[in-house]
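K.L.:
Numbering-wise (UniProt numbering), the sequence shown opens with residue 1 and increments by one.
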Amino acid sequence: MVKIEPITFTDADSDLAILQELHRSNGPYTTTSYYVVSASATPNSSDGNTSVPQSLTFQLSLKHNLPQKTGGNRIPDRTELELYKTFLSHSVSFKAIAADNSSKIVAMIVASIELWNKTVKVWEFIVDRRHQRSGIGQNLLDAVIRTACAKEIDRVVCETQNNNYPALQFYFKNGFSLDAVDTSFYHANDLERQDVAVFMKLKVRGKESEENETAVITSEKVPLSIDDCVNEICPNSGKPVSADSLTVYKGRIVGFCNSLCRDEFDNALAVFDTAISAKF
Numbered sequence: 001m002v003k004i005e006p007i008t009f010t011d012a013d014s015d016l017a018i019l020q021e022l023h024r025s026n027g028p029y030t031t032t033s034y035y036v037v038s039a040s041a042t043p044n045s046s047d048g049n050t051s052v053p054q055s056l057t058f059q060l061s062l063k064h065n066l067p068q069k070t071g072g073n074r075i076p077d078r079t080e081l082e083l084y085k086t087f088l089s090h091s092v093s094f095k096a097i098a099a100d101n102s103s104k105i106v107a108m109i110v111a112s113i114e115l116w117n118k119t120v121k122v123w124e125f126i127v128d129r130r131h132q133r134s135g136i137g138q139n140l141l142d143a144v145i146r147t148a149c150a151k152e153i154d155r156v157v158c159e160t161q162n163n164n165y166p167a168l169q170f171y172f173k174n175g176f177s178l179d180a181v182d183t184s185f186y187h188a189n190d191l192e193r194q195d196v197a198v199f200m201k202l203k204v205r206g207k208e209s210e211e212n213e214t215a216v217i218t219s220e221k222v223p224l225s226i227d228d229c230v231n232e233i234c235p236n237s238g239k240p241v242s243a244d245s246l247t248v249y250k251g252r253i254v255g256f257c258n259s260l261c262r263d264e265f266d267n268a269l270a271v272f273d274t275a276i277s278a279k280f
């Protein structure tokens with residue numbers, strides 16, 4: 001059991017020092033499953049200018065039982081921490097505090113708001129290794145999503161790596177879709193190394209009531225419950241909604257039958273709008 005609280009400027013120095021410690025204690029991750037990234041180009045022969053390709057294609061293919069890869073564990077430096085402090089007034093950074101006598105911070109998410117394109121950008125998202133797969137990361141992400149809805153933000157974006165399989169599965173499960181890849185974000189030979197930056201996006205587009213925004217900040221746990229889902233049937237398949245394929249749209253919980261249907265989020269917006277209007 002944890003309590004989710006906003007990271008405030010008052011406690012910024014101590015909280016961000018704990019962020020560094022979480023990175024140190026977790027260390028690098030290892031995996032034998034990752035999305036292999038490939039790139040191809042089709043020559044342009046129609047006008048004789050073969051130096052300009054007709055099309056460019058990037059493909060991500062999930063492979064298992066691959067040679068083990070070790071992911072980086074870059075610890076944010078002082079300059080980055082000072083930058084993170086400037087984001088705290090945006091009120092989209094949260095910490096998870098153990099609900100026991102230790103009151104220890106076991107997870108954090110640091111994010112900023114870019115008003116020009118109504119985007120929440122996640123800069124740091126880390127859960128103590130001993131508390132992973134316990135729903136804490138879900139609670140932190142839910143807090144960010146609900147606050148984004150309340151602030152009429154259109155999308156939440158984040159960056160991870162093609163070889164960080166657990167992180168990618170987490171984001172896909174929560175309705176994120178692949179938005180872009182950068183084959184030289186970390187090094188000049190990222191594609192060869194198969195250590196490629198992957199940018200994920202979740203469209204939230206909506207507004208939540210002030211009551212719900214306050215609840216996010218003060219509640220101990222904010223899970224997505226199928227009992228609160230506005231639709232019983234998946235709009236993409238016609239099958240019953242599944243409890244593990246829920247997400248948030250316009251401040252309301254909506255659902256799909258599985259993660260594949262949830263990846264087709266945009267196709268369901270009209271159905272969700274109708275369901276929300278009928279219930280609220």
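Backbone N, C-alpha and C fix where the C-beta goes; we use that ideal spot for every residue, glycine too.
1. Starting from residue 158, trace the beta strand (DSSP E) in both directions and tell me its first and last residue.
2. How would you label residue 67, buried or exposed, when you count the other beta carbons within 10 angstroms and need 16 or more for buried?
3. CA-CA distance, residue 100 and residue 26?
4. Give the secondary structure of residue 137 by DSSP, where H, G and I count as helix, E and B as strand, and everything else as coil.
5. Can you say whether residue 137 is buried or exposed, counting buried as having 16 or more other CB atoms within 10 angstroms of its CB?
6. Rounded C-beta distance between residue 163 and residue 31? I'm assuming under 8 Å.
7. Can you pull the DSSP bridge partners for residue 3?
8. Quick test of your reading: residue 113 and residue 92, contact by CB under 8 Å. State the CB separation rounded to the nearest angstrom.
9. Rounded to whole angstroms, what's the CA-CA distance from residue 141 to residue 39? Just pull it up for me.
10. Measuring alpha carbon to alpha carbon, tell me which of 85, 52, 19 ends up nearest residue 10.
11. Within its chain, find whatever has a CB closer than 7 Å to the CB of residue 70; leave out the 5 residues flanking it on each side and keep chain order.
12. In angstroms with no decimal places, state the Cα-to-Cα distance between residue 231 and residue 17.
13. Just the C-alpha distance for residue 22 and residue 110, rounded to the nearest angstrom, thanks.
14. Check the DSSP bridge columns for residue 127 and list the partner residues they point to.
15. Is it right to say residue 245 is buried, meaning 16 or more other beta carbons lie within 10 angstroms of its own, or is it exposed?
16. How is the beta strand (DSSP E) around residue 15 delimited, first residue to last?
17. Excluding five sequence neighbours on each side, which residues of the same chain lie with their C-beta closer than 6 Å to the C-beta of residue 202?
18. Bridge partners for residue 178 per DSSP, in chain order?
19. What number of angstroms, rounded off, separates the C-alpha of residue 119 from the C-alpha of residue 275?
20. Taking the alpha-carbon positions, what's the residue 74 to residue 126 distance?
21. Could you round the C-beta distance between residue 97 and residue 173 to whole angstroms and report it? I think they count as a contact, below 8 Å.
22. Quick check: what's the CA-CA separation for residue 267 versus residue 8?
23. Tell me whether residue 240 sits in a helix, a strand or coil according to DSSP, three-state version.
24. Please indicate yes or no: does the CB of residue 40 lie closer than 6 Å to some heavy atom of the ligand PLP?
25. Would you kindly check if the distance between the Cβ of residue 59 and the Cβ of residue 42 is under 7 Å?
26. In the DSSP assignment, what are the bridge partners of residue 252?
27. Could you tell me the alpha carbon to alpha carbon distance between residue 255 and residue 243, rounded to whole angstroms?
28. Please check the pair residue 181 and residue 167, which I expect to be a contact at CB under 8 Å, by giving their CB distance rounded to whole angstroms.
P.N.:
Per the coordinate set shown:
1. 155-161
2. exposed
3. 21 Å
4. helix
5. So residue 137 counts as buried.
6. Taking a contact as a CB-CB distance under 8 Å, the pair residue 163 and residue 31 counts as one, their CB atoms being some 6 Å apart.
7. 97
8. 6 Å
9. 31 Å
10. Here the closest residue by C-alpha is 85.
11. 28, 30
12. 43 Å
13. 13 Å
14. 107
15. buried
16. Residue 15 -> not in any beta strand (DSSP E); alpha helix (DSSP H) instead, spanning 12-26.
17. 156, 175, 176
18. Paired residues: 200.
19. For residue 119 and residue 275, the distance between alpha carbons rounds to 25 Å.
20. Going by the C-alpha atoms only, they are around 12 Å apart.
21. Rounded, the Cβ-Cβ distance is 24 Å, inconsistent with contact.
22. Residue 267 and residue 8: Cα-Cα distance of roughly 38 Å.
23. Reduced to three states, the DSSP call for residue 240 is strand.
24. With respect to the ligand PLP, the structure offers nothing, as it holds no ligand at all.
25. no
26. 249
27. 8 Å
28. Incorrect: roughly 15 Å between the Cβ atoms, too far for contact.
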